[in-house]
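Numbering (our numbering), first residue to last: 23 to 347.
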């Protein structure tokens, strides 16, 4: 059994993949595997990963037609041999010594999920991104009580924990968070470290920033997928404050926040009315209202979002237009 399987799905990544490859090449641990999945790339991505395969015995390459990132990750999950699994995007990179440190930490506490911090890199500027969770070992109940919201920071998973977990290939947005919730439903122990080992390179066209009304409206499908999984396997998560906060944050990040400053008014209003009219979405916003103290800005924000998302959107759009916010 290998120590760690690193899965890298690739689609037309020729502009960025060299940095990723070099960071993997620099790992001194031999007992790991780097699984590249070429998801039908039409540029020179294939040449880069094949060259790396010839130079490094730790590399495994899967070549397949373009079927999306979730299918690519799932295909790799079917062949992994590592005790632990990590998902790396081809435009990101890891620090030297990452494999050894992650494996030692994970084994020391025999955890199902290991959570760590990362650096966000925008236009060459490097910024620390913190999970803001006290360092330590948690069972699921302790973790849900301790965290304010579920972390978006990187995670290492035990293979045994996710042996029956796969990415939902029907989801177009939020599929990574959906996978994390699914994995958490199968977990007993989570360890949180304050180390920085991962470098997330942000691009203008990233899915969370790109404006696409048709795609972003599908965040509702993701919420239903998450809700169904949690209700079936770990019902206590649904009532936790951090889970409700995280779901509302996920909804707003795709269907509200990034549309306040941009996109035509008619398109934005159409998206907002569609998403926030959904009964499950409204139920989570209602829960968030009940969990928020009177007198806080959040309370009034979500009250207005629940009563009239269109009115809140128009109000915020005016504030941004006149640079009041």
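From the three backbone atoms N, C-alpha and C, an ideal C-beta is built for every residue, glycine too.
Quickly, what does DSSP pair residue i with across the bridge? List them, please.
i           : result
residue 32  : 60
residue 161 : 211
residue 107 : 27 and 179
residue 141 : 150 and 221
residue 116 : 220
residue 170 : Residue 170 pairs with nothing; no bridge assigned.
residue 135 : 179 and 212
residue 54  : 26
With distances taken from CA atoms, which of the options is nearest residue i?
i           : options               : result
residue 262 : 214, 245 and 313      : 313
residue 41  : 67, 62 and 23         : 67
residue 272 : 93, 173, 252 and 183  : 173
residue 162 : 281, 246, 260 and 140 : 260
residue 391 : 276, 238 and 245      : One cannot answer for residue 391 here, as it falls past the ends of the chain, which runs 23 to 347.
residue 301 : 216, 249 and 82       : 249
residue 181 : 28, 339, 335 and 341  : 28
residue 258 : 239, 288, 207 and 214 : 207
residue 32  : 62, 51 and 26         : 62
residue 140 : 113, 233 and 152      : 152
residue 103 : 57, 290, 321 and 289  : 57
residue 281 : 36, 336, 72 and 217   : 336
residue 138 : 331, 325, 176 and 189 : 176
residue 218 : 136, 236 and 235      : 136
residue 188 : 234, 26 and 99        : 99
residue 142 : 89, 224, 94 and 121   : 224
residue 294 : 307, 278 and 166      : 278
residue 276 : 237, 264 and 311      : 237
residue 299 : 338, 164 and 330      : 330
residue 179 : 156, 170, 43 and 129  : 129
residue 325 : 332, 311, 154 and 317 : 311
residue 334 : 290, 316, 305 and 317 : 290
residue 122 : 73, 111, 106 and 154  : 106
residue 134 : 95, 97, 184 and 69    : 184
residue 214 : 186, 169, 339 and 309 : 169
What is the residue span of the alpha helix (DSSP H) that residue i lies within?
i           : result
residue 150 : Per DSSP, residue 150 belongs to no alpha helix (DSSP H); it is in the beta strand (DSSP E), 147–151.
residue 319 : 319–329
residue 74  : 67–77
residue 240 : First-last for residue 240: undefined, no H or E at that position.
residue 96  : 91–99
residue 204 : 197–206
residue 11  : No statement about residue 11 is possible, as the shown extent of the chain runs from 23 to 347 and does not include it.
Just to check, is the beta-carbon of residue i closer than 8 Å to a non-hydrogen atom of the ligand MG?
i           : result
residue 172 : The ligand MG is absent from the structure shown, which contains no ligand whatsoever.
The beta strand (DSSP E) with residue i in it runs from where to where?
i           : result
residue 221 : 211–223
residue 85  : 81–86
Residue i CB to nearest chain C CB: under 9 Å?
i           : result
residue 342 : Absence of chain C from the displayed structure is noted, only one protein chain being present.
Three-pair Cβ contact test at 8 Å for the region 189–199 versus the region 113–121: no
Sequence ranges, beta strand (DSSP E) only - wholly within the region 268–302, length at least 3: Here no run is fully enclosed.
Cβ contact (3+ pairs, closer than 8 Å) linking the region 37–52 and the region 197–215: no
The region 236–244 touching the region 132–147, judged by at least three CB pairs closer than 8 Å: Flag = no, the region 236–244 and the region 132–147 do not touch.
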